[in-house]
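Below is one structure; the comments refer to it alone.
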Amino acid sequence: MKWGRTDGSMEDGNPSVSSSSNSQPDDAAMESRLVEFCKVGLALDENMTNQAVGLYRESKHLLLLNMSAIGSGSLKETERLWFAIVLYTVKRLSGADSSETTESEPNDTGFSLYQLLKVAKLNVIDFFKEMSQFCLKAGPALSNLYGADWERRLQAKELQTNFVHLTVVSKYYKRAYMDLFLASGHEKKPSELSGNQGHVPDYLRFGWLLFLSLRIHAFSRFKDLVTCANGIISILAILIVHVPVRFRKFSLQDTLRFVRKSDKGVDLIASLCNTYHTSEDDLKKTIEKANNLIVEILHKTPSPASECNAESLDDIIPDGLTYFQDLMEDHLLSTSMEILEKDYEKAIRDTGELDERVFVDEEESIFGTGSLSGGAVSMPGSKCKYESFASPTKTVTSPPSPPSSPPASITHNNLGLSSSKMAPTPVSITMTTAKWLRTVIGPLPPKPSPELQHFLSSCDRDLTEDVMHRANIILEAIFPSSIPGERCIAGSLQTATRMDSIWAEQRRAETLKLYYRVLVAMCRAESQTLHSKNLTSLLTNERFHRCMLACSAELVLATHKTVTMMFPAVLERTGITAFDLSKVIESFVRHEETLPRELKRHLNSLEERLLESLAWERGSSMYNSLIVAKPSLGAEINRLGLLAEPMPSLDTIALQQNITAGSLQSLPALQKHETSSDNHASTSPKKVISDPAGVLLERNSFTSPVKEHLVSFSCFKSKLPPPLQSAFASPTRPNPAEAGETCAEMGINVFFRKVLKLAAIRIKSLCERLQQPNTVMESVYSLIKQILDHQTALFFNRHIDQLILCSLYGVSKISNLSLTFKEIIFNYRKQPQCKPQVFRYVFVDWPSSSHNGKAGQDHVDIITFYNELFVPAVKPLLVELGPAGTPTKTARASEENKTDGQAPGSPRVSLFPSLPDMSPKKVSASHNVYVSPLRSSKMETLISHNSKSYYACVGESTHAYQSPSKDLTAINNRLNSNRKVSGRLNFDGAGLVSDSLVAGSLYPQNGSSAPAIDAATLSSPLKRKQTDR
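Just so you know, the sequence shown maps onto residues 707 to 1735 in our numbering.
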């Protein structure tokens, strides 16, 4: 049989391995060009040049191994990319970094990332894509040269997120400016200091420079998107007050845009808050900071607006506004911009960051095209992989109900489209989500509600104090008021430090309120499930509470779109693992009905990351459960050192974060429970790991001897999620809901089910992109399923997409299909979840007897992994699988078990799980009207702030040449039996086609003519338009 071994050439599709070509670059010549690049291109001194050469020598073997995979593969571009990455890394990590430089000791070797990319003739997108690969592969070398904390100091991920934020913020600002002011008028050539081209209105550029000063001097460490948006809105307020009236495009008489208070005039602050969905208090504070900077940097004299007689203040309520008499005078505006430019250059000179002035200077060539791969930075309003209400891991028995709209109190003008009816943007969607946090969660008390207190006091002992104490410690660890040794950028005058402390305090309060709100909802549901108010087992579980706090904090961080606290940082701060968090995500969404669509999407994307790789990484608590559920894997788990360490105690976390002693009052009862009830879940497996059979001794009394094989996919028999107390119980404890089963087996069953569903979605999407028949898709899925059952160790420390890609290639070979690895990788690159490291960086642990002479742990390209490890491991499974479309021994047995009573000769039941059909469905027996959920690519252009659901409607026209709006009205009239229809299409309103009607047609109830469909599968990107990304 043809096993599909490949030699790894580009012809067969190896995208990540440089063929040992005869065109290898001259090492000495390349080093010489690097020196020239440093001294001539960037005018660097000898010290910086020598450091760059040193890092190049330490990493050049990586460059030579991956030459064809870097950039476009051309020698010149690869060389420029490597030089830029090496120099940026040296700049950030060397002793010349600004973190060790004071104002009195300036760094003369400063260059910004913008200057570096200009000299290297590169764009930002390409730079960041390769920077992430460099960090993965050069990590050991960087640790040796710069210490173990190099990643924290380099801040490459933060810089990438900052770039994405500024891209959307700058577009938001320019759009808002052009909506308010004329583009003509005062214009000047942008400063040559930035090397920009074209013309930008002076007032627009002045506002952007003032915003950058605000970011540097007032926002400091926490440059989250919501704070930046408030900064932009404060700049707009200052421009409205100071830009001459002749340049306005708006009228203060516009009652849809401006809020009037009787005869006093327009309330400017309230109007901006209403239009841009921000808080009046936050906006007033940010305007005050901006005004202070005008005084400190531009040395302007402030005056209360009520005392000024400027034309731009006419018909505006002056209370609380500040006016600067000559701020926008023609002869002084250029001088003010030059001062702001110099202040900005001084601030970024030593950091090496991107010159943020380019975002409004019309120099988009430096940005590049495409997107940063793999969804590393997720922005609302951009294409998303799946619908927020369609997590691949949801499990319900009834058809899915459509996504609920927010409560009436926060819809329409409050949370919907602004009065000016601006189309939604990533920033406006973020501000809408932030408004939910402010208006729904903000008013709640920062303590347990009476109902929650009742649950806590109904346990074996009153847990209220324990819960509050834990929350304070964990939230202080996640949102520290200050970080020891954290520096302030020169000129900030302690404003930034003070704002950091206030910001952290606000985020702690929001997280605490959300935690208490969802916790009481979960207690209510758990109490109904267990028919008891005593939830001691759950509410004394340390890991459960930390997961809840981590999930709450992550949603608060996602709402504000922070730069410096990106997932999985919250896991590290709370001492839990990705597998732990995966146990609460589904319950969290289910028990917070008002959760905005964007936050549901965020949790969905997190869950995918947990399932695809994070839960499989070394140190995951999943292995502590797996070793109990499948003792046969104990030796391999132990050999690779995969087990999680015991969860750190609260005291340990407090000491690590330097939390003050005042919050560390000892609670003996709590500490006792941490040790006896929860940490046992981590420590118990480690005690017996040298003897996997010893684990069985711990559970002999309640484990069925046939239970081991049921772990394989008995998970499919249960559609309802297990009680939370079972999910968080010690792995070796018996599962009260299933006799003879441990909690570890139950947890692994649920986890494997979720992994398979995610795999099914990705297999179907990739096979459709490759235009492969359903038989191939089913065979690939069957192989993945068999690997997860019989060769589970192949998943260890790897990404599930690596197994999917290899399985697809293996199936294509045994099926004699003309499908190369090159085609597979080429099409995989177009998948929304694609990350280059998936096929460039596969974990291997070479046995000592390896014929290639290597031993120990390493990372290789996917071709090497396929040839050396995958094929030998799955060869027996491929033999069973046979050619695509041929039922195997295992498949036939499974099929027989599932199709009892099926008549002989009936069509073979597909082994592939049911996924939703996105084709139109007829919703009326008497009329030719069809509906289907609107595809994500279309919905993003229509999505509104009120989280309504959209459907594509197809129906026969009522009259020739009639408009679509009239046809849609007629369709609704037909479906609603001549009831009156008025206003726009609203699927949540009365008298129109409702979400429930559509959902009922698309996803029939069990027992109807169409098969029931799992809610978990609604996110499948089926039949999506195949376009290059």
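Note that the Cβ used here is the ideal one computed from N, Cα and C, for glycine as well.
These numbers come from a predicted model, not from an experiment.
Exposure of residue i, with buried meaning 16 or more beta-carbon neighbours within 10 Å
i            : result
residue 1067 : buried
residue 1146 : buried
residue 1605 : Its pLDDT being 44, under 50, residue 1605 is placed unreliably by the model, and the measurement read from it follows with that caveat. Exposed.
residue 1232 : buried
residue 742  : exposed
residue 1007 : exposed
residue 746  : exposed
residue 785  : buried
residue 1239 : exposed
residue 1431 : buried
residue 1219 : buried
residue 1320 : buried
residue 1453 : buried
residue 1262 : buried
residue 1362 : exposed
residue 947  : buried
Option in the options with minimal Cα separation from residue i
i            : options                : result
residue 1504 : 1551, 1468, 1537, 1024 : 1551
residue 1522 : 1495, 1478, 754        : 1478
residue 1052 : 945, 1009, 922, 1036   : 922
residue 1570 : 1554, 784, 1511        : 1511
residue 748  : 1072, 819, 845, 1459   : 819
residue 1567 : 1577, 1445, 1581, 1549 : 1549
residue 1359 : 1287, 1184, 1443, 1470 : 1184
residue 1574 : 1585, 1560, 1243, 755  : 1560
residue 877  : 1285, 1499, 1065, 1290 : 1065
residue 879  : 869, 1534, 938         : 938
residue 1486 : 1433, 1506, 1502       : 1506
residue 1553 : 1443, 1527, 1529, 1345 : 1345
residue 1135 : 1347, 1303, 949, 765   : 1303
residue 1180 : 966, 1038, 1260        : 1260
residue 1341 : 1352, 1252, 1502       : 1502
residue 1619 : 1529, 859, 1469, 1175  : 1469
6 Å Cβ shell around residue i - same chain, five flanking residues per side excluded
i            : result
residue 735  : none
residue 871  : 931
residue 1298 : 1224
residue 1317 : 1460, 1461, 1464
residue 1214 : 1181, 1185
Short Cβ contact (8 Å threshold) for residue i with residue j
i            : j            : result
residue 1542 : residue 835  : yes
residue 1033 : residue 1003 : no
residue 1257 : residue 1282 : no
residue 1334 : residue 1448 : yes
residue 796  : residue 1133 : no
residue 1009 : residue 949  : no
residue 1498 : residue 1339 : yes
residue 995  : residue 915  : no
residue 869  : residue 954  : no
residue 827  : residue 768  : no
residue 1472 : residue 1516 : no
For residue i, the residue or residues it bridges with in DSSP
i            : result
residue 967  : 971
residue 1562 : 1552
residue 954  : 887
residue 984  : Bridge partners of residue 984: none, in fact.
residue 1440 : 1448
residue 1022 : 972
Beta-carbon contacts of residue i that lie in its chain and below 7 Å, excluding the five residues immediately before and after
i            : result
residue 740  : 758, 759, 762, 789
residue 1242 : 1165, 1166
residue 968  : none
residue 1374 : Caution applies to residue 1374, whose pLDDT of 38 falls short of 50 and renders its modelled position unreliable; the model cannot decide the point.
residue 971  : 1021, 1022, 1023
residue 1372 : Annotation note: pLDDT 39 at residue 1372 (below 50); position unreliable, no value reported.
Other residues of its chain near residue i: CB distance less than 8 Å, five sequence neighbours each side excluded
i            : result
residue 1508 : 1544, 1545, 1548, 1568, 1571
residue 989  : 936, 939, 940, 943, 975, 978, 979
residue 864  : 1269, 1270, 1272
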